[in-house]
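Notes follow once the structure below has been shown.
2 protein chains.
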Amino acid sequence: MPESTILIVDDEPAIRDMVGITLDLAGFSSLSAANALEAHISIIDHKPDLVLLDWMLPGGSGIELARRLRRDAVTANIPIIMLTAKASEDNKVQGLSEGVDDYVTKPFSPRELVARIKTVLRRANGNQKGKVLRVFDLQLDPTSHRISIEETPVEMGPTEFRLLKFFLLNQEKVFSRDHIQDAVWGANVYLEERTIDVHIRRLRKALSDIEGAAIDYSRLIQTVRGAGYRFSVRPS
Amino acid sequence: MPESTILIVDDEPAIRDMVGITLDLAGFSSLSAANALEAHISIIDHKPDLVLLDWMLPGGSGIELARRLRRDAVTANIPIIMLTAKASEDNKVQGLSEGVDDYVTKPFSPRELVARIKTVLRRANGNQKGKVLRVFDLQLDPTSHRISIEETPVEMGPTEFRLLKFFLLNQEKVFSRDHIQDAVWGANVYLEERTIDVHIRRLRKALSDIEGAAIDYSRLIQTVRGAGYRFSVRPS
DNA sequence: GTTCTTTGTCACGGAAATGTAATATACTGC
DNA sequence: GCAGTATATTACATTTCCGTGACAAAGAAC
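For the record, the sequence lines run as chains A and B. Quick note: the first sequence uses numbering that gives the first Met the number 0, first residue 0, plus one each step. Quick note: the second sequence uses numbering that gives the first Met the number 0, first residue 0, plus one each step.
Rendered as structure tokens:
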């Protein structure tokens with residue numbers, strides 16, 4: 000699963016660092032910005048999956064930034080979590096209700112922060128896992144997390160599942176091992192080159208171990224010597 | 000019926016306390032919030048069954064909060080009762096268009112408040128409940144809060160009941176532990192990962208401890224390694 | 001109060017999955 | 001044919017993930 004990118008907007012470097020480390024440990028990649036302007040540029044440049052926005056930015060521009068993000072169609076769907084001081088103390092907070100997705104009150108535990116981020120991300124992305132992918136009588140259903148060939152369930156490990164999904168979504172194209180690694184394992188993972196081959200083999204084996212299938216689906220995963228692999232319905 | 004949770008949103012502590020006591024006596028459990036932000040956090044976290052919302056929150060954000068709750072799919076179905084100082088036609092018209100379910104004008108009698116709450120809750124519940132969930136000879140009756148297999152009552156704890164209900168309503172889909180936690184425990188509750196497993200086990204155990212059942216219903220709760228759990232009538 | 005139930009956490013063991021190295025096989029250009 | 005390179009396959013150690021029993025705290029029933 001490609002990790003989500005989170006932008007931290009806070010004027011205090013200590014908080015940015017602390018939150019950044021927390022997010023890294025939780026498997027997110029993080030960006031940071033010290034003020035609303037920096038934040039806006041970063042959002043446009045990197046399109047983070049979520050913005051952690053300090054309410055009390057100098058100049059009170061936190062809420063303005065949130066409003067601006069919501070108004071612009073390009074950024075309107077990026078979830079925002081507000082970092083606020085204690086809720087009960089703050090009366091200025093009343094005017095908000097802009098499309099903020101959740102609030103976290105300082106001080107917060109890393110654990111709580113991560114939990115809320117995951118919840119918001121799930122709510123934002125989650126409900127569309129995608130349609131059933133089909134090739135002949137091979138089916139991959141992302142929702143139920145099942146693979147079948149002619150109605151017969153196919154067993155494979157999680158990595159092979161992601162690999163097959165990647166191929167089904169990107170047919171008829173050759174991908175280098177590096178590219179496959181980025182897409183299936185994530186960007187900052189180091190693997191031996193041969194490791195990809197092994198997983199390709201496991202996937203092929205899983206697809207070919209089907210009793211009485213009309214087609215040998217393992218043949219759809221084609222080796223392109225010197226280039227990588229390709230999923231194709233056309234014989235090589 | 001398990002007791003409903005009501006969130007009281009009012010800036011005056013005296014009113015919050017008074018209403019809180021009234022609700023407790025009537026068999027509800029209550030939460031309270033002093034402003035719109037607190038209220039919103041509380042709603043996201045605890046998913047109350049109904050919100051009692053003061054119309055005249057400082058900053059006039061009561062109506063904004065109502066509007067916001069209606070807009071977000073997660074909170075759109077939570078009934079809202081407005082507390083207003085005076086029943087002016089303007090309020091009613093505007094409020095109704097925001098999807099407010101009822102009005103109570105201050106000062107109100109505890110008795111009247113409770114009566115209206117019950118009415119609104121009944122109306123809200125009536126829409127979704129009543130349907131018995133069935134899979135083969137496994138039945139879950141939300142109304143009577145009972146579960147049976149081939150007419151034999153099945154014993155389980157409240158958490159397992161909610162878990163099973165969730166599964167019955169969402170069959171053939173994989174859910175991560177995080178997702179299950181959100182749906183069954185509430186959005187921002189912190190549990191150890193293994194805790195879900197333990198409850199899954201308890202549910203499976205409850206379903207499998209049935210004498211003379213034609214099917215082992217615990218098998219319908221399937222483990223999807225690396226992904227989560229799935230309730231399915233198809234063998235894994 | 002006592003007792004029973006429910007609940008969340010922990011620790012341990014086993015099973016599946018993963019990544020790597022070693023070896024075997026296939027392909028390419030000569 | 002050969003040498004050199006790329007890929008396939010196998011085997012294995014390690015890691016990750018899940019199931020399970022035990023336990024203590026908190027609450028409900030008595």
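Don't be surprised by glycine CBs; every beta carbon is placed ideally from N, CA and C.
Within its chain, find whatever has a CB closer than 7 Å to the CB of residue i; leave out the 5 residues flanking it on each side and keep chain order.
| i | result |
| --- | --- |
| residue 192(B) | 176 |
| residue 99(A) | 65, 79 and 81 |
| residue 235(A) | 221 |
| residue 172(A) | 229 |
| residue 199(B) | 220 and 228 |
Report yes if the CB atom of residue i is closer than 8 Å to the CB atom of residue j, and no otherwise.
| i | j | result |
| --- | --- | --- |
| residue 220(A) | residue 202(A) | yes |
| residue 205(B) | residue 149(B) | no |
| residue 36(A) | residue 4(A) | no |
| residue 39(B) | residue 64(B) | yes |
| residue 105(A) | residue 132(A) | no |
| residue 118(A) | residue 128(A) | no |
| residue 144(A) | residue 226(B) | yes |
| residue 224(B) | residue 157(A) | yes |
| residue 19(A) | residue 2(A) | no |
| residue 52(B) | residue 113(B) | no |
| residue 134(A) | residue 167(A) | yes |
| residue 162(B) | residue 183(B) | yes |
| residue 170(A) | residue 231(A) | yes |
Could you round the C-beta distance between residue i and residue j to whole angstroms and report it? I think they count as a contact, below 8 Å.
| i | j | result |
| --- | --- | --- |
| residue 6(A) | residue 50(A) | 5 Å |
| residue 33(B) | residue 10(B) | 6 Å |
| residue 228(B) | residue 160(B) | Their Cβ separation, rounded to whole angstroms, is 16 Å, which puts residue 228(B) and residue 160(B) out of contact at 8 Å. |
| residue 83(B) | residue 54(B) | 4 Å |
| residue 209(B) | residue 151(B) | 6 Å |
For residue i, which residues in chain B fall below 8 Å Cβ to Cβ?
| i | result |
| --- | --- |
| residue 157(A) | 224, 225 and 226 |
Using a Cβ cut-off of 8 Å (strictly closer), state whether residue i contacts chain A.
| i | result |
| --- | --- |
| residue 192(B) | no |
| residue 167(B) | no |
| residue 36(B) | yes |
| residue 69(B) | no |
| residue 220(B) | no |
| residue 42(B) | no |
| residue 39(B) | yes |
| residue 25(B) | no |
Using 8 Å as the limit for Cβ to Cβ distance, is residue i near chain B?
| i | result |
| --- | --- |
| residue 102(A) | yes |
| residue 144(A) | yes |
| residue 114(A) | yes |
| residue 133(A) | no |
| residue 93(A) | Per-residue confidence for residue 93(A) stands at a pLDDT of 45, beneath the threshold of 50, marking its modelled position as unreliable; the derived number appears in the next sentence. It does: the Cβ of residue 93(A) has a partner Cβ on chain B nearer than 8 Å. |
| residue 15(A) | no |
| residue 7(A) | no |
| residue 203(A) | no |
| residue 234(A) | no |
| residue 88(A) | For residue 88(A), the predicted structure reports a pLDDT of 48, less than 50, and the residue's modelled location is therefore unreliable. A value from the coordinates is still provided. Residue 88(A) does not count as touching chain B. |
Please compile the residues from chain B whose C-beta is within a distance smaller than 7 Å of the C-beta of residue i.
| i | result |
| --- | --- |
| residue 117(A) | 177 |
I want to verify the contact list: residues of chain B whose CB lies under 9 Å from the CB of residue i, in sequence order.
| i | result |
| --- | --- |
| residue 75(A) | Within 9 Å Cβ-Cβ: nothing; residue 75(A) doesn't reach chain B, min ~13 Å. |
| residue 121(A) | 175, 177, 178 and 181 |
| residue 110(A) | 189 |
Could you name the residues of chain A that residue i contacts, counting a contact when the two beta carbons are closer than 9 Å?
| i | result |
| --- | --- |
| residue 171(B) | 140, 142, 143 and 145 |
| residue 213(B) | Those within 9 Å of residue 213(B) in chain A number zero; the least Cβ separation is about 22 Å. |
Sorted by chain position, which residues of the same chain lie with C-beta nearer than 8 Å to residue i's C-beta, five sequence neighbours on each side aside?
| i | result |
| --- | --- |
| residue 77(B) | 42, 46, 47, 48, 49, 50 and 68 |
| residue 115(A) | 80, 101 and 103 |
| residue 61(A) | 8, 35, 52, 53, 54, 55 and 81 |
| residue 28(B) | 2, 3, 4, 5 and 22 |
| residue 111(A) | 103 |
| residue 12(A) | 33 |
| residue 120(A) | 3, 48, 49 and 78 |
What in chain A is Cβ-close to residue i, meaning under 8 Å?
| i | result |
| --- | --- |
| residue 229(B) | 143 and 144 |
| residue 198(B) | The premise fails here: residue 198(B) is roughly 18 Å from chain A at the closest Cβ pair, so nothing lies under 8 Å. |
Note down, in chain order, each residue of its chain lying with its Cβ closer than 6 Å to the Cβ of residue i, except the 5 sequence neighbours on either side.
| i | result |
| --- | --- |
| residue 140(A) | 131 |
| residue 155(A) | 205 |
| residue 217(B) | 203, 206 and 207 |
| residue 215(A) | 207 |
Please tell me whether, using a cut-off of 7 Å, the distance from the CB of residue i to the nearest non-hydrogen atom of the ligand HEM is below it.
| i | result |
| --- | --- |
| residue 16(B) | Within the structure as shown, the ligand HEM is missing, as the structure has no ligands at all. |
Starting from the beta carbon of residue i, find every residue of chain A whose beta carbon is closer than 7 Å, and list them in chain order.
| i | result |
| --- | --- |
| residue 186(B) | 118 |
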